[in-house]
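Chains as they are written, first to last, in this note's numbering: chain A, 1 to 229; chain B, 1001 to 1248.
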Ligand SMILES: Nc1ncnc2c1ncn2[C@@H]1O[C@H](COP(=O)(O)OP(=O)(O)O)[C@@H](O)[C@H]1O
Ligand SMILES: [Mg+2]
């Protein structure tokens, strides 16, 4: 049981290492994805240490979910989801940050898991992922800098969207149950976490594939920046 | 219900609601992107066809305005020589005939590329002329009936004319028909066109899907960009009937 959790949590390191190797080659548009993966890695390490010392992992997790949501939104902005709606992007980011501050400081609950923020941010991320997938289908690979003719499963943007949809939908459901205080029952909590473990493993592997297939830099941007002095 | 059950019940309702909203959003997005997709395709086809027509008009005009006069000049020139030898005269006569033939063919080609009548006198006149020409050169009996002048804007008229060209050409090439009739009726805010042949018929859906040629696909695209509708009824040994409804 414990091993399984470790395995599921640390599977994100596969993506993290691929990201480390490919970082300089990958198009800037996809960098936020790598930041998300690295954030997750760091958070797993911190959580692991705290857990070993019997300390609460609530604070670092609360901070992690805020950063994760922001960076993912940035990624979707790079995908052009907020095109012509800049104000929407900043409103969403600002709104989420305000909600986070309110829940953690004004609500004074930084010591426990912040449910509201998780519910709302998961919801927003799933909505944006749906948008991104549909955009990918309509405008094809061009705007996502992805090589034509490749299978969808070698398509980084598609993989990322599928990953976020699966993960955050499930997270949303779990958070709703927590929100209603249903984590009181030990067995129920363990069972739900069990499912979450598998989903986490699956999504981490999807992320690893996504980082692996993230499109490279475009040559011509390099050329046009060649200095003349 | 006990308190735990009530809580679970509320949690389930909340969760279902959220999932419901997400699914609804998903369907809305799918439908919307479907629309965008159709719009994009239409735009692409429109641009492609506009480019094609422009190019055709240009080539047709070049033929008509540059090559024809040049050939006529050549003809005048070779007739300028004072020939006495009977052999030479016969030779020149042959050359004259060839040049005549080339000029005639070139007129036909440039007419096919972009009929002047279409732009000058409208669709009905152009089709009339086209059918007259077909009756002259083919064994098949063509009939053309039209209720007075129909008002189509120029780009639509060109598209309809191209559709007719392809449909008639297909009937000539593939159907082995002995009669082909074309009928145009002016409705309130649309025109109805019916083209029938009494040939061998074919499986329209299958041929369209097989993409044996580009003709059937191009007919479809052109109907789409005029905003019209088309129906095809084709049965073995009974011939083929096309019906087009083009909004004016
Ligand atoms: N009026 C017709 N009667 C019989 N067969 C036809 C007729 N029109 C089209 N077809 C069939 O449909 C096929 C596809 O037509 P088309 O797309 O115009 O290509 P193409 O004319 O170049 O062969 C033809 O090859 C022919 O077999
Ligand atoms: Mg054809």
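Yeah, the Cβ is synthetic: ideal placement off N, Cα and C, and Gly gets one too.
For residue i, list the residues DSSP reports as bridge partners.
i                      : result
residue 1240 (chain B) : B:1197 and B:1234
residue 1247 (chain B) : B:1190
residue 1184 (chain B) : B:1146 and B:1193
residue 1179 (chain B) : B:1141
residue 1229 (chain B) : B:1245
residue 26 (chain A)   : A:216
On the CB-based measure, 16 or more other CB atoms within 10 Å of its CB, does residue i come out buried or exposed?
i                      : result
residue 1234 (chain B) : buried
residue 1210 (chain B) : exposed
residue 87 (chain A)   : exposed
residue 1035 (chain B) : exposed
residue 181 (chain A)  : exposed
residue 169 (chain A)  : buried
residue 1251 (chain B) : Here chain B covers residues 1001 to 1248 and nothing more, so residue 1251 (chain B) does not appear.
residue 228 (chain A)  : Any reading at residue 228 (chain A) needs caution, since the residue's pLDDT is 37, under 50, leaving its predicted position unreliable; the model's value is listed next. That one is exposed.
residue 1197 (chain B) : buried
residue 1226 (chain B) : buried
residue 1242 (chain B) : buried
residue 96 (chain A)   : buried
residue 1140 (chain B) : buried
residue 1091 (chain B) : exposed
residue 49 (chain A)   : exposed
residue 220 (chain A)  : The predicted position of residue 220 (chain A) is uncertain, since its pLDDT is 48 and thus under 50; a value taken from the coordinates is nonetheless stated next. Exposed, since its Cβ has fewer than 16 Cβ neighbours within 10 Å.
Is residue i near ligand 1 - that is, is its Cβ less than 7 Å away from at least one heavy atom of it?
i                      : result
residue 1181 (chain B) : no
residue 1173 (chain B) : yes
residue 86 (chain A)   : no
residue 19 (chain A)   : no
residue 1207 (chain B) : yes
residue 80 (chain A)   : no
residue 1240 (chain B) : yes
residue 1202 (chain B) : yes
Can you find a heavy atom of ligand 3 that lies under 7 Å from the Cβ of residue i?
i                      : result
residue 1199 (chain B) : Questions concerning ligand 3 fall outside what the structure shown contains, since the ligands it does hold are ligand 1 and ligand 2.
Would you mind telling me which residues of chain B sit closer than 8 Å to residue i, beta carbon to beta carbon, in chain order?
i                     : result
residue 134 (chain A) : 1029, 1030, 1032 and 1033
residue 130 (chain A) : 1022, 1025, 1026 and 1029
residue 176 (chain A) : 1011, 1014, 1015 and 1018
residue 164 (chain A) : Neighbours of residue 164 (chain A) on chain B: none; closest Cβ ~12 Å, over 8 Å.
residue 99 (chain A)  : By Cβ distance, chain B contributes nothing, its closest Cβ being about 16 Å from residue 99 (chain A), past 8 Å.
residue 169 (chain A) : 1019 and 1022
residue 203 (chain A) : Neighbours of residue 203 (chain A) on chain B: none; closest Cβ ~17 Å, over 8 Å.
residue 127 (chain A) : 1022 and 1025
Can you name the residues of chain A whose CB is closer than 7 Å to the CB of residue i?
i                      : result
residue 1007 (chain B) : 180, 181 and 182
residue 1037 (chain B) : 138
Using a C-beta to C-beta distance shorter than 7 Å, which residues of chain B count as neighbours of residue i?
i                     : result
residue 65 (chain A)  : Simply none; closest approach about 17 Å.
residue 173 (chain A) : 1015
residue 92 (chain A)  : Correct list: empty, because the minimum Cβ distance to chain B is about 15 Å.
I want to verify the contact list: residues of chain B whose CB lies under 9 Å from the CB of residue i, in sequence order.
i                     : result
residue 123 (chain A) : 1018, 1021 and 1022
Inset, instruction - Specify which residues have a beta carbon nearer than 6 Å to any heavy atom of ligand 2, listing them in chain order. - result: B:1166, B:1169, B:1170, B:1213 and B:1215
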